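Numbering (the UniProt record's numbering), first residue to last: 1 to 356. Just so it is clear, CB atoms sit at the ideal spot from N, CA and C, and this is done for glycine as well. Keep in mind it's a predicted model, so treat the numbers as computed, not measured.
In structure tokens, the structure reads:
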């Protein structure tokens, strides 16, 4: 069966401020030493499985030119510009109708654009297995990540170890982000995976689920599909998309469905959720510092320091994140890295949009 992919690339990457901005969010930044941006690495990673002509990018309409610039071989019509953010369920629905308009049916691999994978061949092997399971009946497949510590920032997938298809386990339920004690319990049972937000299914399977559980959205998607490649395409898309309920695919579909399977992923996954991820994807020096740019450190330990041309000199610091750009500088204690988005909330409240 034909393999296609939908790459979700509409996020703002707020916890990577001040490098990630409204006009250049995280997925279009290079955070690795090879100089490639995150969305470029995502496309490169799935290229052994999916032809570039069958890859669709769902993004904010403001980022269309960025996608074209960074992915010049991608067909322009494969850039699906959402007129407004409505979370992952409408986003995936939009991708599904465009693929169904091109093919009678196909396998659909859904991936975020801002994850990093350490072992690409293991990743493609896992996706190949997921495609085989998804091709059977109306199975929905999610890629879970085998946890190696009790993370409180991720949702979890509870699976049934006694019911499986190959390496894929039947999903019992999806659970919300736990507190630390519950996360430790999940880890001890060895029956929970981190929810990575990566999925594989047939286009017909996911559209049937949207019709069943989100009928109003489904009717709007059909109207958008009828308008594809017509003069009314943009008008109908904007009209219908604004009316869609803003809901995740987990809430809208996965938590209500049967025939859901998960495959444990052990391919070096990182969702690059905040500046702390830099320590996991770049090498630190002998003092535990991860530095990039024109940097001098004196008695500085376990810091993340990101600069450009301007000299940054630190003396006697520990466990800080320092990020300098042309117009803004962030200084943050590592323990408060997830609160960086509060800076953006304050900037919005103060009408200082030039820094967002």
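Applying the criterion that 16 or more other CB atoms from any shown protein chain within 10 Å of the CB defines a buried residue, is residue i buried or exposed?
i, result
"residue 91", "buried"
"residue 20", "buried"
"residue 136", "exposed"
"residue 67", "buried"
"residue 178", "buried"
"residue 303", "buried"
"residue 316", "exposed"
"residue 205", "buried"
"residue 188", "exposed"
"residue 289", "buried"
"residue 258", "exposed"
Check each candidate in the options and name the one with the smallest Cα separation from residue i.
i, options, result
"residue 222", "170, 319, 100 and 193", "100"
"residue 111", "136, 201 and 336", "201"
"residue 318", "309, 329, 335 and 307", "335"
"residue 125", "49, 38, 210 and 17", "49"
"residue 80", "219, 56, 86 and 252", "56"
"residue 108", "140, 252 and 82", "140"
"residue 197", "171, 279, 88 and 338", "88"
"residue 291", "1, 132, 273 and 320", "320"
"residue 287", "163, 305, 294 and 71", "305"
Rounded to whole angstroms, what is the Cα-Cα separation between residue i and residue j?
i, j, result
"residue 283", "residue 32", "10 Å"
"residue 123", "residue 117", "7 Å"
"residue 268", "residue 119", "6 Å"
"residue 11", "residue 26", "8 Å"
"residue 194", "residue 144", "5 Å"
"residue 60", "residue 229", "19 Å"
"residue 45", "residue 51", "11 Å"
"residue 17", "residue 64", "21 Å"
"residue 308", "residue 114", "22 Å"
"residue 224", "residue 243", "12 Å"
"residue 180", "residue 280", "21 Å"
"residue 168", "residue 255", "18 Å"
"residue 246", "residue 232", "24 Å"
For residue i, does the three-state DSSP call read helix, strand or coil?
i, result
"residue 357", "Past the boundaries of the shown model lies residue 357; the chain is included only from 1 to 356, so the question cannot be answered."
"residue 314", "strand"
"residue 188", "helix"
"residue 259", "coil"
"residue 208", "helix"
"residue 327", "coil"
"residue 65", "helix"
"residue 8", "strand"
"residue 252", "helix"
"residue 322", "strand"
"residue 335", "helix"
"residue 201", "strand"
"residue 173", "strand"
"residue 15", "helix"
"residue 2", "coil"
"residue 244", "coil"
"residue 358", "The structure shown has nothing for residue 358, since the chain only spans 1 to 356."
"residue 296", "strand"
"residue 301", "strand"
"residue 160", "strand"
Point to revise | Uninterrupted beta strand (DSSP E) stretches inside the region 73-157 (no shorter than 3 residues) | key: 79-82, 107-112 and 140-145
Check your understanding: Along the chain, which unbroken stretches of the beta strand (DSSP E) at least 3 residues long are found entirely within the region 25-58?
Key -> none
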